[in-house]
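To convert, take the position in the sequence shown, counting from 1, and add 13; that gives the working numbering.
Since the structure comes first, as structure tokens, the remarks are kept for the end.
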Amino acid sequence: MSLVNVTSVKIFKNPAAITDPFEFEISFECLQSLEEDLEWKIVYISCAESKEMDQELDCIALGPITRGALKFIFKAPAPDFAKIPPEDIHGMAVILILGSYRNEEFIRIGYYVHNVYMDPLLEDNPPDIPILDKLQRIVLSESPRLTRFNISWDSRHEEQANSQKSLNNDSQDSVSSELPPSPDRNSQSQESLSSKHKLASSQFSASQSSNPNNENLDANLYPAVAAPH
14 MSLVNVTSVK IFKNPAAITD PFEFEISFEC LQSLEEDLEW KIVYISCAES KEMDQELDCI
74 ALGPITRGAL KFIFKAPAPD FAKIPPEDIH GMAVILILGS YRNEEFIRIG YYVHNVYMDP
134 LLEDNPPDIP ILDKLQRIVL SESPRLTRFN ISWDSRHEEQ ANSQKSLNND SQDSVSSELP
194 PSPDRNSQSQ ESLSSKHKLA SSQFSASQSS NPNNENLDAN LYPAVAAPH
């Protein structure tokens, strides 16, 4: 069971100039206070064939995290287009929002990005060298792709899970499949950049949760992609 559930993501200033910063409002619900900070990253993918071209636009630590409904604004600069091959600037790209806890990724939210010329003539016949000040960025906000991962949360959560598992094992009617196994996934090393900074609790809003079961999810956010097995 995830202790943190993202309930909605809002994208500000969309469409925008391709060189404008990204700005998201991320709302989530935490089922219990966390012992450590959450880490959030924004990653820009310009080329599906080469992961080396991925750019981490920003990384923040968010905490302390208390039980309840919370939201925060996450701003990140546009990618460095000098590091992107000219043929990969115009057209489709992907922007990812990654949530991690104790260096384990628990959620990944992806959006397709369409970089187009505002001038129809340029769009029909794009130049070999992109003209950045004439390109517009459109984030396809109506069709996000969500992947969730099972991770080890806090020691209290692990103790509760182990206690529940023990009770289930002792019961004649116990069903071990009630506790879903963690999905297998390849571990990914993630370098911490100098841009990483801490977003204190005073910089994000919180309210006591009236919905601990997280039933009212944003419908647009959850044509969910299942975590890989």
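We treat Cβ as the ideally placed atom computed from N, Cα and C, and that holds for glycine.
Beta-carbon contacts of Leu-145 that lie in its chain and below 7 Å, excluding the five residues immediately before and after: Reading the sequence shown from its first residue, position 132 is the one you call residue 145. Answer for Leu-145: Ile-31, Thr-32, Phe-94, listed in chain order.
According to DSSP, simplified to helix, strand and coil, what is Tyr-63? Counting from one through the sequence shown, the residue named residue 63 turns up at place 50. Note on identity: in this sequence residue 63 is Ser, with Tyr being the wrong assignment. Note: Ser-63 maps to coil in three-state DSSP.
Close Cβ partners of Ile-58 (< 7 Å) along its chain, the five nearest in sequence each way excluded: Locating residue 58 in the sequence shown gives position 45, where the first residue counts as 1. Here the set comprises Asp-67, Ala-106, Val-107, Leu-109.
Three or more C-beta pairs under 8 Å: does that hold for the region 112–123 against the region 80–97? no
Considering Cα atoms alone, identify which of Pro-143, Val-56, Ser-63 is closest to Glu-245. What is shown of the chain runs 14 to 242, which leaves residue 245 out entirely.
Going along the chain, which residues of its own chain have a beta-carbon closer than 7 Å to the beta-carbon of Tyr-130, five neighbours each way excluded? The residue you call residue 130 lines up with position 117 of the sequence shown. These residues qualify, in order along the chain: Glu-136, Pro-139, Lys-147, Leu-148.
What is the DSSP secondary structure of Asp-141, reduced to helix, strand or coil? The sequence position of residue 141 within the sequence shown is 128, counting from 1. Note: Asp-141 maps to coil in three-state DSSP.
Presumed contact (8 Å Cβ cut-off) between Glu-38 and Lys-88, rounded CB distance: By one-based count along the sequence shown, residue 38 stands at place 25. By one-based count along the sequence shown, residue 88 stands at place 75. Incorrect: roughly 10 Å between the Cβ atoms, too far for contact.
Simplified DSSP assignment, three categories, for Phe-162: Along the sequence shown, one-based indexing puts residue 162 at 149. Three-state result, Phe-162: coil.
Taking C-beta to C-beta, are Glu-48 and Leu-75 nearer than 9 Å? As a working mapping, residue 48 is identified with position 35 in the sequence shown. As a working mapping, residue 75 is identified with position 62 in the sequence shown. Contact: no.
Reduced DSSP secondary structure (H/G/I, E/B, other) of Asp-71: The sequence position of residue 71 within the sequence shown is 58, counting from 1. Residue state, collapsed to three classes: strand.
Using a beta-carbon distance below 9 Å, is Glu-155 in contact with chain C? Going by chain labels, chain C is absent from the structure shown, which holds only one protein chain.
Give me the Cα-Cα distance between Ser-21 and Leu-159, rounded to the nearest whole angstrom. By one-based count along the sequence shown, residue 21 stands at place 8. By one-based count along the sequence shown, residue 159 stands at place 146. Near 11 Å, if we compare the C-alpha coordinates of Leu-159 and Ser-21.
Can you check DSSP and say which residues form a bridge with Glu-52? One-based indexing of the sequence shown puts residue 52 at position 39. Answer is Ala-74, Ser-113, bridged to Glu-52.
Please report how far the alpha carbon of Phe-41 lies from the alpha carbon of Pro-90, in whole angstroms. By one-based count along the sequence shown, residue 41 stands at place 28. By one-based count along the sequence shown, residue 90 stands at place 77. Phe-41 and Pro-90: Cα-Cα distance of roughly 23 Å.
Pick from Gln-45, Ile-24, Ser-154: whose alpha carbon is nearest that of Met-14? Within the sequence shown, the letter at position 1 stands for residue 14. Nearest C-alpha to Met-14: Gln-45.
Same chain, Cβ closer than 6 Å to Asp-101, five either side skipped, listed in chain order: Stepping through the sequence shown from its first residue, residue 101 is reached at position 88. If you ignore the 5 residues before and after Asp-101, its C-beta comes within less than 6 Å of the C-beta of Ser-59, Cys-60, all in its own chain and listed in chain order.
For a test of the three-state rule: what should DSSP assign to Glu-136, helix, strand or coil? By 1-based counting over the sequence shown, the position of residue 136 is 123. Looking at Glu-136 - three-state DSSP - the assignment turns out to be helix.
Which residue wins for smallest C-alpha separation from Val-126, given the options Ala-29, Val-19, Val-17, Asn-18? Indexing the sequence shown from 1 puts residue 126 at position 113. Here the closest residue by C-alpha is Ala-29.
Give me the Cα-Cα distance between Ser-156 and Pro-143, rounded to the nearest whole angstrom. Position 143 of the sequence shown, counted from the start, is the residue given in the question as residue 156. Position 130 of the sequence shown, counted from the start, is the residue given in the question as residue 143. Whole-angstrom Cα-Cα distance: 27 Å.
Nearest by alpha-carbon distance to Cys-103: which of Phe-25, Arg-80, Arg-150, Asn-18 is it? One-based indexing of the sequence shown puts residue 103 at position 90. Note on identity: in this sequence residue 103 is His, with Cys being the wrong assignment. Per the Cα distances, Arg-150.
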